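Report on one structure; see the data block that follows.
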Amino acid sequence: MTPSIVLAEDFQAPGPSIFDFPPLYDGAPAWLTKPTVFAVVGALLVVAFAWSAFAKPQLVPRGMQNIGEKGYEFVRDQVARPFLGKDAERWMPLLLSLFFLILLWNFFGVVPLIQIPIASHIAFPAVFAIVIYVIKVYLGIKHQGLGGYFKNMMFPPGLPKPIYVLLAPIEFMSNLIIAPFTHAVRLFANMFAGHLILAFFSAVGFWFLFEKLTPLGAGLGVLGVVMTIAMTGFEIFIQFLQAFLFTLLAAMYIGGSLHSDH
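Take the sequence shown: its position 89, counting from 1, is numbered 89 in the UniProt record's numbering, and each next residue is one higher.
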């Protein structure tokens with residue numbers, strides 16, 4: 001049997017089990033796991049960051065205040081104002097908190113020793129998506145009335161009446177079922193897949209450089225290390241992009257309920 005065949009048979013690529021985390025210690029409740037702990041840590045870090053940046057603002061921003069203001073301007077100009085218009089400032093606390101928390105949770109996936117994006121567990125993005133969904137429906141009914149909300153959602157004006165026979169159920173499914181589902185799954189799936197790819201290439205590098213070092217294995221190991229570095233850079237971009245898109249969709253859903261004509 002050739003060495004390459006032995007390597008192929010011995011190597012075990014990481015699978016979905018890398019997302020399974022047991023309780024932190026014997027006798028701990030089932031929910032007390034590494035992702036839960038770092039979800040709380042991330043929330044506390046965002047609170048600490050917001051406090052240090054905005055509690056005592058200076059006329060000339062420096063340090064944390066400068067970072068906080070740049071983040072605020074980014075979310076306000078790129079997320080809130082395009083969809084919320086005059087209501088943008090009113091919803092900035094929610095949108096800014098959402099963006100920074102998801103961004104930090106995503107970045108945990110490339111932080112040494114943590115190395116787990118919190119949103120790669122569907123429960124976390126699902127909770128956020130449900131909260132936005134409830135806000136969306138509540139605002140829609142409050143500002144448009146119960147009948148007006150469902151009428152505007154299912155029967156957009158200006159179309160031939162026979163079209164509504166097909167369009168109305170599609171719009172109902174899209175707005176009340178598919179939209180919140182895809183809102184959560186988009187973030188979850190990207191973080192899950194990205195973490196799996198990084199784990200795979202890291203395992204390739206470690207295995208062929210330290211566990212089964214051969215001339216062929218050394219080349220594969222170096223390739224694994226190079227791909228890990230390259231994919232880490234790409235994953236950081238995806239982590240930022242997904243935090244931005246999740247917050248953007250939240251603003252779009254809220255804006256759609258506030259302004260039925262948009």
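Yeah, the Cβ is synthetic: ideal placement off N, Cα and C, and Gly gets one too.
What you are looking at is a predicted structure, and each value in this text was computed from that prediction instead of being measured.
| Item | Value |
| --- | --- |
| So L45 packs on K34, CB below 8 Å; how close in whole Å? | Actually they do not touch by this definition, with Cβ atoms about 16 Å apart. |
| Can you tell me the Cα-Cα spacing of A55 and F246, whole angstroms? | 27 Å |
| Considering Cα atoms alone, identify which of G85, Q144, N66 and V111 is closest to G255. | G85 |
| Under 8 Å, with one C-beta from each stretch per pair, do the segment 231 to 238 and the segment 101 to 111 reach the 3-pair mark? | yes |
| Can you find a CB in chain B that lies within less than 8 Å of the CB of A179? | As a matter of chain content, chain B is missing from the structure shown, which is built from one protein chain. |
| Thinking C-beta only, is F74 closer than 8 Å to residue 274? | Missing from the structure shown is residue 274; the chain here goes from 1 to 262 and no further. |
| State buried or exposed for Y133, treating a residue as buried only when at least 16 other CB atoms are found within 10 Å of its CB. | buried |
| Would you mind giving the Cβ-Cβ distance between I130 and P93, rounded to the nearest angstrom? I have them listed as a contact below 8 Å. | That pair is no contact at about 19 Å. |
| Let me know if F100 comes out buried or exposed under the rule of 16 or more other beta-carbons within 10 Å of its beta-carbon. | buried |
| Is the beta carbon of I114 sitting closer than 8 Å to the one on F188? | no |
| Does the beta-carbon distance from L95 to A80 come in below 8 Å? | yes |
| Taking 7 Å as the limit between beta carbons, can you name the residues of its chain near F201, skipping five residues before and five after? | G224, M227, T228 and M231 |
| Would Q242 and M173 qualify as a contact pair, given that the criterion is a beta-carbon distance under 8 Å? | no |
| Is DSSP giving L159 helix, strand or coil here? | coil |
| Does the Cβ of K161 have 16 or more other Cβ atoms within 10 Å, making it buried, or fewer, making it exposed? | exposed |
| Out of I67, A218 and Y138, which one is the CA nearest neighbour of F49? | I67 |
| Excluding the 5 residues preceding and the 5 following L198 in the sequence, name in chain order all residues of the same chain whose CB lies nearer than 7 Å to its CB. | T228, M231, T232 and E235 |
| Using the C-alpha atoms, what's the distance from V222 back to L7? | A caution first: L7 carries a pLDDT of 46, below 50, which makes its placement in the model too unreliable to give a value. |
| What are the boundary residues of the alpha helix (DSSP H) that S120 is part of? | First-last for S120: undefined, no H or E at that position. |
| Compare the Cα-Cα distances from A126 to each of F210, H183, V60 and K142 and report the closest residue. | H183 |
| Quick check: the Cα distance between G63 and V111, rounded to an integer number of angstroms? | 22 Å |
| Just the Cα atoms here: how many angstroms apart are W91 and L139? | 12 Å |
| Mind checking L258: buried by the 16 CB within 10 Å criterion, or exposed? | buried |
| Which runs of the alpha helix (DSSP H), 4 residues or longer, sit entirely within the segment 145 to 192? | 146 to 154 and 163 to 173 |
| Does the Cβ of P117 have 16 or more other Cβ atoms within 10 Å, making it buried, or fewer, making it exposed? | buried |
| By the three-class DSSP mapping on this structure, what secondary structure does V225 have? | helix |
| So is W31 buried or exposed if we call it buried at 16+ other beta carbons inside 10 Å? | exposed |
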